[in-house]
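Quick note: the numbering used here has the sequence shown finishing at residue 368, numbered continuously throughout. A short write-up of the structure that comes next.
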Amino acid sequence: MNFAMWKKALNVIPEVSKEEWEKLDVISRWLISTRAAVLVMTFISAALAGLFAWRDGSFSFIPWIALVFGFIMAHASNNIFNDYTDFVRGVDKDNYYRTMYGAQPIASGLMTKRQHLTYFAVTGFLALVAGLYLIFINANDPIIWILLAAGAFFVLFYTWPLKGLGLGEIAVLVVWGPLMIGGGYYVLTHQWNWSVAIASLPYVLGVTTVIFGKHIDKIGVDTAKKIHTLPVVIGEKAARYAVVAMMVLPYLFTGYLIAIKFFTPVMLLVLFAIPALRESLPPLMKPKPETRPEGFPDGQGGWPLYFAPIAFRNNRSFGSLFMLGLLIDVALRIFLPAFWR
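If you want it as structure tokens, here you go:
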């Protein structure tokens with residue numbers, strides 16, 4: 028077992044040679060193939076659903092674990108299938124942009140198509156088992172069937188055709204927010220809560236800025252390959268301003284939720300992320316530089332990506348404070364239920 032590689036794959040998308048790949052254990056290969064470093068976003072969505080359910084007195088540990096496992100396996104299978112779809116469609120040929128900043132096992136010749144599909148089938152099956160378990164313990168609730176079907180739709184059709192129709196970024200916004208957090212809350216509590224769906228937006232808007240930033244970074248090559256991501260559709264300048272708006276809106280949504288007393292004022296902790304926001308905004312006001320700026324990180328987690336790392340750092344700052352604030356907020360709601368009513 029290569030524990031060092033496990034740790035690395037959970038932090039970055041590692042570059043590995045064919046020789047190194049052959050020496051890796053199956054878990055290391057799975058972590059690299061699924062781009063496990065980004066799966067933390069899905070864990071946080073499941074954690075938020077659990078926290079909201081716990082706050083409302085409807086938290087059960089085993090169903091929540093099944094929810095976490097199912098979400099992560101669904102996201103992992105989506106990443107595997109995305110790589111397979113792009114490879115088969117010829118997107119990853121000719122040193123396509125994303126092959127420059129991390130291993131793409133099938134495009135890099137580390138795995139065969141059959142091996143790749145086997146990883147997808149096993150991972151997708153595990154996600155399905157978790158979903159069916161949640162349906163079973165909830166007495167075949169038809170809403171949960173609908174949520175499962177919606178999740179399967181996005182797993183299978185995100186890369187094609189949604190991303191190519193300018194709908195990929197919207198799909199990320201819907202899936203990691205209302206679907207995972209709002210839907211996860213429904214699975215745990217058996218009720219839909221619009222305030223929970225709105226409360227998912229401060230977190231999921233940050234996630235969306237990262238995918239938006241990555242698509243701005245590769246807008247030139249996507250245009251050449253006729254991949255119509257939303258930045259390609261609306262243009263580079265409008266896309267940069269959209270990212271700016273998505274960085275500011277989480278503060279406004281948080282303030283609104285405090286004002287309606289869904290959140291307690293402790294959520295004002297997110298204001299400590301404003302220095303990261305101020306650092307992120309100036310680069311977004313200008314086009315991407317032609318060459319790596321002095322001092323900007325290179326390689327994994329850096330250049331040739333530019334806007335994506337900026338968005339990631341801002342999201343990490345806001346998201347960590349949002350999660351900390353929510354933990355304290357939930358504790359206050361449970362132990363001091365009369366507070367901020």
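In this text, a Cβ means the ideal position worked out from N, Cα and C, and glycines have one as well. Small disclaimer: the values here were computed from a predicted structure and weren't measured.
Determine, using beta carbons only, whether residue i and residue j come nearer to each other than 9 Å.
{"i": "L192", "j": "F181", "result": "no"}
{"i": "L174", "j": "V199", "result": "no"}
{"i": "L75", "j": "I208", "result": "yes"}
{"i": "A64", "j": "I40", "result": "yes"}
{"i": "G97", "j": "L37", "result": "no"}
{"i": "M294", "j": "G352", "result": "yes"}
{"i": "I99", "j": "H143", "result": "no"}
{"i": "I238", "j": "G195", "result": "yes"}
{"i": "L58", "j": "W33", "result": "yes"}
{"i": "L311", "j": "Y268", "result": "yes"}
{"i": "Y111", "j": "I89", "result": "no"}
{"i": "N167", "j": "D83", "result": "no"}
{"i": "M138", "j": "S55", "result": "no"}
{"i": "M350", "j": "I170", "result": "no"}
Kindly indicate which three-state DSSP category residue i falls into: helix, strand or coil?
{"i": "H102", "result": "helix"}
{"i": "L192", "result": "strand"}
{"i": "H242", "result": "helix"}
{"i": "D325", "result": "strand"}
{"i": "W367", "result": "coil"}
{"i": "H217", "result": "coil"}
In the DSSP assignment, find the alpha helix (DSSP H) that holds residue i and state where it starts and stops.
{"i": "A63", "result": "Looking at the DSSP string, A63 is not in any alpha helix (DSSP H), and its letter there is neither H nor E."}
{"i": "V39", "result": "Segment: none, V39 is in no alpha helix (DSSP H) and carries neither H nor E."}
{"i": "R116", "result": "Taken as a continuous stretch (DSSP letters only), R116 belongs to no alpha helix (DSSP H), as it is neither H nor E."}
{"i": "W172", "result": "169 to 184"}
{"i": "A166", "result": "Here A166 belongs to no alpha helix (DSSP H), and DSSP marks it neither H nor E."}
{"i": "R267", "result": "263 to 286"}
{"i": "M350", "result": "334 to 362"}
{"i": "I301", "result": "301 to 311"}
Below 8 Å on the Cβ atoms is my contact criterion, and I expect residue i with residue j to pass it. Report the Cβ-Cβ distance as a whole number of Å.
{"i": "F374", "j": "G204", "result": "Residue coverage of the chain in this structure runs from 28 to 368, which leaves residue 374 outside it and unanswerable."}
{"i": "K313", "j": "F334", "result": "No, K313 and F334 are not in contact; Cβ-Cβ is about 11 Å, not under 8 Å."}
{"i": "T281", "j": "P229", "result": "5 Å"}
{"i": "A27", "j": "A93", "result": "Look at the range of the chain in this structure, 28 to 368, and you will see that residue 27 is not part of it."}
{"i": "T186", "j": "D113", "result": "6 Å"}
Using C-beta distances below 7 Å, list every residue in its chain close to residue i, excluding the 5 sequence neighbours before and after it, in chain order.
{"i": "F299", "result": "L348"}
{"i": "S227", "result": "L75, G204, P205, I208, G209"}
{"i": "V223", "result": "F79, I208, G209, Y212"}
{"i": "W91", "result": "G77, L215"}
{"i": "M68", "result": "W203, V234"}
{"i": "F184", "result": "none"}
{"i": "W81", "result": "V357"}
Using a Cβ-Cβ cut-off of 6 Å (strictly less than) and excluding sequence neighbours within five positions of residue i, which residues of its own chain qualify?
{"i": "S307", "result": "I337, N341"}
{"i": "A101", "result": "A154, G178, V182"}
{"i": "T291", "result": "D356, L359, W367"}
{"i": "M28", "result": "D52"}
{"i": "L276", "result": "L232"}
{"i": "D249", "result": "T256, V259"}
{"i": "R62", "result": "I40, N106"}
Below 8 Å CB to CB, which residues in the same chain sit around residue i once its five sequence neighbours on both sides are set aside?
{"i": "I246", "result": "T256, P258, V259, E263, A266"}
{"i": "M236", "result": "The sequence given here places Thr at residue 236; Met does not occur at that position. Cβ neighbours of T236 beyond the five flanking positions: V270, M273, M274, A338, N341, N342."}
Should residue i be listed as close to the ligand NAP, given that the test is whether its C-beta is under 8 Å from any heavy atom?
{"i": "A36", "result": "The ligand NAP is not part of this structure, which contains no ligands at all."}
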